[in-house]
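The numbering of the sequence shown is this note's numbering, which starts it at -15 and goes up by one.
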Amino acid sequence: MRKRLFEIIELSKEEDKWSKVYDTIMFTLIIFSVIPLFFKGTNVVFFWVDKITVSAFILDYILRWWTADLKWPKQKKFVCYLLYPFSFFGLIDLFSILPSITVLSQSLKVLRLLRLGKAFRVLRILRYSKSFNIIVTVMKRERKPLFAVCLLAVGYIVMSALVMFQAEPDTFDTFFDAFYWATVTLTTVGYGDLYPVSEIGRLVSMISSFMGIAIVALPTGIITAGFAKEIEVESRQRYRHFE
């Protein structure tokens, strides 16, 4: 029974009808649950929408926690039960549920912050996205080159920040300001709230902008190539399945 329940609540397979029905229902509930967030006020309809959807999310969370050992069969059962609340989707599920079951007074302004936690319900859609699962698989497979690119980016940001912090102490009061500027420049965002005024500072800024284009493009190329390869592998498997 637990195994069949696990198969239903997990991402549906082509031949599993009940799993597809479950995914469709949960996907619909997620969409309905975030509709009240588009409005400042509330009403009776939004109140019941929140209660019904959060009840379904709590049940889904409990079922996934109960079958966590089937998700990670290589781990011991009690370890799976301990790990699930701290997993990526486990945290998303928890943060999307907590704001609706708070017992704090409705007059407290902190509830406005707790209301933001409901926005995590949008991320629950990723659980039912096969494309997202492919991206996760690609990220795991290409983690070494991606990690190397991240180290390169962080190293260059720190170096640029140090150079700029020493070159223009009047413009950047703290190293964090220089680090913030280097990050914004490397990603080619350029908010314009902090900028160099000296010639050497502008020279460093131009070099950082050119380097940013190259560094930002590296992980994009790695993920795109891996994504295309994974789609090709799945296409071959689907073709063999039909044969």
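Even glycine gets a Cβ: it sits at the ideal position worked out from N, Cα and C. All values derive from a computational prediction rather than experimental measurement.
So, using beta-carbon positions, are residue i and residue j closer together than 7 Å?
{"i": "Arg127", "j": "Ile14", "result": "no"}
{"i": "Leu170", "j": "Ser192", "result": "yes"}
{"i": "Val122", "j": "Gly210", "result": "yes"}
{"i": "Ala151", "j": "Ile184", "result": "yes"}
{"i": "Phe41", "j": "Ile(-8)", "result": "no"}
{"i": "Val133", "j": "Leu202", "result": "yes"}
{"i": "Asp77", "j": "Tyr45", "result": "yes"}
{"i": "Phe16", "j": "Val29", "result": "no"}
{"i": "Leu54", "j": "Phe(-10)", "result": "yes"}
{"i": "Ile118", "j": "Glu214", "result": "yes"}
Report the CB separation of residue i from residue j in whole angstroms; it is logged as a contact under 8 Å.
{"i": "Tyr175", "j": "Val168", "result": "6 Å"}
{"i": "Tyr65", "j": "Arg48", "result": "With a Cβ gap of about 11 Å, Tyr65 and Arg48 do not count as contacting."}
With 16 other CB atoms within 10 Å as the buried threshold, where does residue i fall?
{"i": "Gly196", "result": "buried"}
{"i": "Ala137", "result": "buried"}
{"i": "Thr229", "result": "Nothing about residue 229 can be read from this structure; the chain reaches only from -15 to 227."}
{"i": "Ile51", "result": "Correcting the residue identity first, residue 51 is Thr in this sequence and not Ile. By the 10 Å Cβ count, Thr51 comes out buried."}
{"i": "Ile141", "result": "buried"}
{"i": "Met10", "result": "buried"}
{"i": "Ala212", "result": "exposed"}
{"i": "Ala166", "result": "buried"}
{"i": "Lys35", "result": "exposed"}
How far does the alpha helix (DSSP H) with residue i in it extend, from its first residue to its last?
{"i": "Arg(-14)", "result": "Arg(-14) to Ile(-7)"}
{"i": "Leu136", "result": "Arg127 to Ala151"}
{"i": "Asp228", "result": "Outside the shown range of the chain, which is -15 to 227, sits residue 228, and nothing can be said about it."}
{"i": "Phe23", "result": "Here Phe23 belongs to no alpha helix (DSSP H), and DSSP marks it neither H nor E."}
{"i": "Lys58", "result": "Per DSSP, Lys58 belongs to no alpha helix (DSSP H) and is neither H nor E."}
{"i": "Ser17", "result": "Lys1 to Val18"}
{"i": "Phe160", "result": "Phe159 to Leu170"}
Alpha carbon to alpha carbon, how far is residue i from residue j?
{"i": "Ala162", "j": "Arg220", "result": "50 Å"}
{"i": "Pro20", "j": "Thr12", "result": "14 Å"}
{"i": "Pro83", "j": "Phe149", "result": "42 Å"}
{"i": "Phe22", "j": "Arg186", "result": "43 Å"}
{"i": "Ser91", "j": "Leu130", "result": "Its pLDDT being 43, under 50, Ser91 is placed unreliably by the model, and the measurement read from it follows with that caveat. In a straight line, the C-alpha of Ser91 is about 46 Å away from that of Leu130."}
{"i": "Thr172", "j": "Val200", "result": "9 Å"}
{"i": "Glu216", "j": "Phe116", "result": "16 Å"}
{"i": "Gln236", "j": "Asn27", "result": "Residue coverage of the chain in this structure runs from -15 to 227, which leaves residue 236 outside it and unanswerable."}
{"i": "Lys255", "j": "Leu43", "result": "With the chain represented from -15 up to 227, any question about residue 255 goes unanswered, as that position is not in the structure."}
{"i": "Arg143", "j": "Lys24", "result": "According to the sequence displayed, residue 143 carries Met and not Arg. So the two alpha carbons sit approximately 44 Å from each other."}
{"i": "Lys238", "j": "Arg(-12)", "result": "Absent from the structure is residue 238, since the part of the chain shown begins at -15 and ends at 227."}
{"i": "Pro153", "j": "Trp56", "result": "53 Å"}
{"i": "Lys61", "j": "Leu75", "result": "19 Å"}
{"i": "Lys124", "j": "Ser39", "result": "33 Å"}
{"i": "Val18", "j": "Phe160", "result": "36 Å"}
{"i": "Leu135", "j": "Thr158", "result": "23 Å"}
{"i": "Phe79", "j": "Tyr179", "result": "38 Å"}
{"i": "Thr208", "j": "Phe31", "result": "42 Å"}
{"i": "Ser71", "j": "Tyr164", "result": "30 Å"}
Could you check whether the Cβ of residue i sits closer than 6 Å to any heavy atom belonging to the ligand COA?
{"i": "Glu216", "result": "For the structure depicted, the ligand COA is absent and the ligand set is empty, with no information on it obtainable."}
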